[in-house]
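To start, the structure under review is shown below, and the notes come after it.
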Amino acid sequence: MKKLFKNYTYDFDKNEAKILSNFCKQAITQMSGNNDFYKDVKAFESIREKIAENSNEVKMTKDEKTRLVHQLKQNRNHLKTTMDKSGFIKKWFYKSMYTQYSNLIETHFTD
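Counting the sequence shown from 1 gives a position; the numbering used here is that position plus 6.
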């Protein structure tokens, strides 16, 4: 039987909170110029405020969680394709971001 209600409360450590905060900041700056992404910008601003308020217990809405997970997965896939096409030094730089995003997705956002 499927669960009726799902808990969207996450416990992030200091490093994960910093990664997500920087990710949200980057997403906000990239999407803020386009009105098509208004809901995404609001969701990322809300997530960033919640992380800044209390990184130990972040309670997200379903919409915020789905938008965040979607963008994290898109970024991870983009980093993977960039790493596959690039040389050694560029691959070395992107590898840490790729592993951080993968660890976040696997640790907190797998269903």
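For every residue, glycine included, the Cβ atom is placed at its ideal position computed from N, Cα and C.
query	result
Bridge partners - Y16, DSSP secondary structure assignment	V64
Own chain residues within Cβ distance below 7 Å of T88, not counting five before or after	Y100
Cβ separation of E70 and I57, assumed to be a contact under 8 Å, to the nearest whole Å	Actually they are not in contact, since the Cβ atoms of E70 and I57 sit about 11 Å apart, beyond 8 Å.
Counted within 10 angstroms of its Cβ, other Cβ atoms place Q32 as buried (16 or more) or exposed	exposed
Inter-residue Cα distance where the pair is S61 and S38	24 Å
Extent of the continuous alpha helix (DSSP H) to which D46 belongs	44-59
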